[in-house]
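Colleague:
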Amino acid sequence: MIAGRAALGGRPLLLAVGIGALYGSWAAFVNHGAGTTAALRAAVTQMSSSVIASLLLQLLLMRLFYWARTPARGFWLSSLGASSLAAAVLTAGHVVNGTPHIAQTLAPSLIIGTTFCFGYARALLVRERASQEN
1 MIAGRAALGG RPLLLAVGIG ALYGSWAAFV NHGAGTTAAL RAAVTQMSSS VIASLLLQLL
61 LMRLFYWART PARGFWLSSL GASSLAAAVL TAGHVVNGTP HIAQTLAPSL IIGTTFCFGY
121 ARALLVRERA SQEN
């Protein structure tokens, strides 16, 4: 596993920054009607929170999955827990920073993020069930 991680190099960070730039640009676009300052504040908030969420979400999903007593419970705990926590943290960040159009700003990242959480949790469930059969 360490060799696999070493082979990745900086790709996870590069991907997270790319995702952050994409969602940050969307936040600026959605909030431009509220003025340049509001648009930039929303963009910076969305970019920074997206980078952090992208890097930490996989770790959180795995931690929650293996914390549960059964693989089925792990699936539900990790998929619902991680996506709910991500939504709450992203929303709180935008509320604190005064983003004018929070729902429109967060919609793409929450839809894609929630889909990722369920897909990753499903992959963990399939892998865990396969290892129990052997």
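Here the sequence shown is numbered in our numbering, starting from 1 and rising by one per residue.
Backbone N, C-alpha and C define an ideal beta-carbon position, used for all residues, glycine too.
1. Roughly how many angstroms separate the alpha carbons of Ala86 and Ala72, rounded to a whole number?
2. Using only alpha-carbon positions, find the residue among His94, Ala88, Leu13 and Leu61 that is nearest to Asn31.
3. Is it buried or exposed for Ser50, if we count other Cβ within 10 angstroms and need 16 for buried?
4. I need the DSSP call for Pro100, collapsed to helix, strand or coil.
5. Ends of the alpha helix (DSSP H) at Gly18?
6. Considering only the beta carbon of each residue, do Leu110 and Gln46 sit closer than 9 Å?
Modeller: In brief:
1. As a working note, residue 86 is residue 86 in the sequence shown. As a working note, residue 72 is residue 72 in the sequence shown. Approximately 21 Å, taken between the alpha carbons.
2. Your numbering for residue 31 matches position 31 in the sequence shown. With distances taken between Cα atoms, Asn31 lies closest to His94.
3. Within the sequence shown, numbered from 1, the residue matching residue 50 stands at position 50. Flag for Ser50 reads buried.
4. By 1-based counting over the sequence shown, the position of residue 100 is 100. Coil at Pro100, not helix or strand.
5. By one-based count along the sequence shown, residue 18 stands at place 18. Its alpha helix (DSSP H) spans residues Arg11 to Asn31.
6. Residue 110 sits at position 110 when you count from the first residue of the sequence shown. Residue 46 sits at position 46 when you count from the first residue of the sequence shown. Not a contact, by the Cβ cut-off of 9 Å.
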